[in-house]
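One structure below.
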Amino acid sequence: MRVHRGYWSLPKAALHGVVAIGNFDGVHRGHRALIDVARTHARELQAPLGVVTFEPHPREVLTPDKAPPRLTPFRIKARLLAEAGVEHLFALPFNQHLRTKSPEAFVHDVLAGGLGIRHAVVGFDFRFGHKRAGDAATLAALGEDYGFSVTRVEPVAWREAPCSSSRIRDAVAAGDVGLARDLLGHPFMVEGRVVEGERRGRELGYPTANLRPPIGRALWPAPGIYAIRTSWRRGAPEWHDAVASLGVRPTFGGGELLLEAHLLNGAANLYGERLCCAFFERLRDEETFDTARALIEQMDRDGARAREALARLGA
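Residue numbers for the sequence shown follow my numbering, so the first one is 5 and each next one is one higher.
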């Protein structure tokens, strides 16, 4: 997948395609429905398949105090879109120049003038242009003038309710990573640089790779013990089974929030690596233990449960 940070001076291979337009935070089942519809049109038109999104998220610019934390930072979002078969990702900078464009100016300058699209796919609640003045009907009417057609996709219902980013955020915040995985169609993931810890896990026979929550708005699951998979390779990820503790380590007096991931199939020197952690199942709450031996025995049980959960859940 090619990532384009603007809409001018694009390579010919990126032009005259079919695009799905939206924020795609989470790249969840509803977003994938848009991409599937766009893919069908792209095949019919023998055109490239693209996604048009915005960086940063418009709500982070327009209402920063009310903007929700992201489900997927850009790096993870891009990887998920590539895995969904998107050929071109147009990550448009949501700056003063773009945010003040009227709906017609956005179509004239970006979709028709810059990308030269042949078809656009949008969600049921799609809004665009200055002060969100345009909707799917506006886009379809403008498309008639500028030579492209539009498909509006209805919301995807999942588990008797619409599949939405806000619903997934609530599940993650509550620690229900199983529901989040079900709604997303893939595990909820966090990513960060492995940092030095207190090396206490190594002393207990459970060496860990440690991540701190990023500064600012960041969505992490509720504290607890989780069955996860980890990857630290660029490109196509190679996943490794792990058990993770997310919390403040109350048995040893507490401290800053930290994600400590223990690889189940052997330790690796991961200091300085960029680690991605995919959450599959919550095993239990974080607890305080009277002795190190009691903690180790519980960690043995956690590791066994994590192996069972990951084997049951598959890839």
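Yeah, the Cβ is synthetic: ideal placement off N, Cα and C, and Gly gets one too.
Just to confirm before moving on: does the CB-CB distance between Leu268 and Asp245 stay below 7 Å? Position 264 of the sequence shown holds residue 268. Position 241 of the sequence shown holds residue 245. Yes; because the gap between Cβ atoms is below 7 Å, this pair is in contact.
How about the region 49-59 and the region 210-221: do they share at least three Cβ pairs that are nearer than 8 Å? no
Under the rule that 16 or more other beta-carbon atoms within 10 Å means buried, what is Gly251, buried or exposed? In the sequence shown, the residue the question calls residue 251 occupies position 247. Counting the other Cβ atoms within 10 Å of the Cβ of Gly251 gives 16 or more, which makes it buried.
Sequence-distant residues of the same chain with beta carbon closer than 7 Å to Ser153, five excluded per side: Along the sequence shown, one-based indexing puts residue 153 at 149. Same-chain partners within the cutoff: His123 and Gly147.
At the level of alpha carbons, what is the spacing between Pro107 and Arg9? Here residue 107 refers to the residue found at position 103 of the sequence shown. Here residue 9 refers to the residue found at position 5 of the sequence shown. In a straight line, the C-alpha of Pro107 is about 20 Å away from that of Arg9.
Within its chain, find whatever has a CB closer than 8 Å to the CB of Gly179; leave out the 5 residues flanking it on each side and keep chain order. Numbered from 1 along the sequence shown, position 175 holds the residue referred to as residue 179. Closer than 8 Å at the Cβ level, and outside the excluded window around Gly179, lie Pro225, Ala226, Pro227, Gly228 and Arg286.
Between Thr76 and Val125, is the Cβ-Cβ spacing less than 7 Å? The sequence position of residue 76 within the sequence shown is 72, counting from 1. The sequence position of residue 125 within the sequence shown is 121, counting from 1. No, the Cβ-Cβ distance between Thr76 and Val125 is not below 7 Å.
How about Gly34 and Val160: are their beta carbons less than 7 Å apart? Taking the sequence shown and counting its residues from 1, the one referred to as residue 34 is at position 30. Taking the sequence shown and counting its residues from 1, the one referred to as residue 160 is at position 156. In this structure, Val160 lies closer than 7 Å to Gly34 by Cβ.
In the DSSP assignment, find the alpha helix (DSSP H) that holds Arg43 and state where it starts and stops. Position 39 of the sequence shown, counted from the start, is the residue given in the question as residue 43. Per DSSP, Arg43 belongs to the alpha helix (DSSP H) from Arg33 to Leu49.
Just checking my contact of Val198 with Cys281 at CB under 8 Å: how many whole Å lie between their CB atoms? Numbered from 1 along the sequence shown, position 194 holds the residue referred to as residue 198. Numbered from 1 along the sequence shown, position 277 holds the residue referred to as residue 281. Not a contact, Cβ separation roughly 11 Å.
Let me know the secondary structure DSSP gives Met193 once reduced to three states. Residue mapping note: residue 193 aligns to position 189 of the sequence shown, counting from 1. Three-state DSSP puts Met193 in a strand.
With a threshold of 8 Å on Cβ separation, who are the neighbours of Val181 within its own chain once the five nearest residues in sequence on each side are excluded? Taking the sequence shown and counting its residues from 1, the one referred to as residue 181 is at position 177. So the list reads Ala175, Pro191, Phe192, Pro225, Tyr230, Phe283, Phe284, Glu285 and Arg286, once near-sequence residues are dropped.
How many angstroms separate the CA atom of Arg171 from the CA atom of Ala95? The count along the sequence shown starts at 1 and reaches residue 171 at position 167. The count along the sequence shown starts at 1 and reaches residue 95 at position 91. Rounded to whole angstroms, Arg171 to Ala95 spans 25 Å at the Cα level.
For Trp162: DSSP bridge partner residues: Translated into positions along the sequence shown, residue 162 becomes position 158. Looking at the DSSP assignment, Trp162 forms a beta bridge with Ala165.
For Arg253, which of helix, strand or coil comes out of DSSP? The residue you call residue 253 lines up with position 249 of the sequence shown. Three-state result, Arg253: coil.
Between which two residues does the beta strand (DSSP E) harbouring Gly134 extend? Taking the sequence shown and counting its residues from 1, the one referred to as residue 134 is at position 130. The sequence as given places His at residue 134; Gly does not occur at that position. Taken as a continuous stretch (DSSP letters only), His134 belongs to no beta strand (DSSP E), as it is neither H nor E.
Using a Cβ-Cβ cut-off of 6 Å (strictly less than) and excluding sequence neighbours within five positions of Arg221, which residues of its own chain qualify? Taking the first residue of the sequence shown as 1, we reach residue 221 at position 217. Excluding its 5 nearest sequence neighbours in each direction, Arg221 has C-beta neighbours in its own chain below 6 Å: Pro73, listed in chain order.
Tell me whether Gly182 counts as near the ligand PLP, meaning its Cβ is closer than 6 Å to at least one heavy atom of that ligand. As far as ligands go, the structure on display features none, and thus does not contain the ligand PLP.
Please determine, among Gly318, Ala308, Ala296 and Asp186, the residue with the shortest C-alpha to C-alpha distance to Trp243. Along the sequence shown, one-based indexing puts residue 243 at 239. Per the Cα distances, Gly318.
Of the listed residues Asp186, Glu200, Gly276 and Ala315, nearest to Arg233 (C-alpha basis): On the sequence shown, residue 233 is found 229 positions in, with the first residue counted as 1. The candidate whose alpha carbon is nearest that of Arg233 is Ala315.
contact_flag[the region 19-36, the region 82-90] where n(CB pairs < 8 Å) is 3 or more: yes
Three-state secondary structure (DSSP) of Pro107: By 1-based counting over the sequence shown, the position of residue 107 is 103. Pro107: helix per DSSP, three-state reduction.
List the endpoints of the continuous beta strand (DSSP E) containing Arg142. The residue you call residue 142 lines up with position 138 of the sequence shown. Correcting the residue type first, residue 142 is Thr in the shown sequence and not Arg. Run containing Thr142: none in the beta strand (DSSP E); it sits in the alpha helix (DSSP H), Ala140 to Tyr150.
With Gly54 as the anchor, note down where its beta strand (DSSP E) starts and where it stops. Sequence index remark: in the sequence shown, residue 54 carries index 50 (1-based). Annotation for Gly54: the continuous beta strand (DSSP E) segment containing it runs Leu53 to Glu59.
Select from Val23, Leu187 and Thr295 the residue whose C-alpha is nearest the C-alpha of Gly120. Within the sequence shown, residue 120 is the residue found at index 116, counting from 1. Here the closest residue by C-alpha is Val23.
Give the DSSP bridge partners of Phe94, in chain order. As a first step, residue 94 must be located in the sequence shown, where it is residue number 90. The partner list for Phe94 (beta bridge, DSSP) reads His8 and Val56.
Straight-line Cα distance separating Leu274 from Arg136: Counted from its first residue, the sequence shown places residue 136 at position 132. Counted from its first residue, the sequence shown places residue 274 at position 270. Computed Cα separation, rounded: 45 Å.
For Ala24, write down the residues that DSSP places opposite it in a beta bridge. As a position in the sequence shown, residue 24 is number 20, starting the count at 1. According to DSSP, Ala24 bridges with Val55 and Val125.
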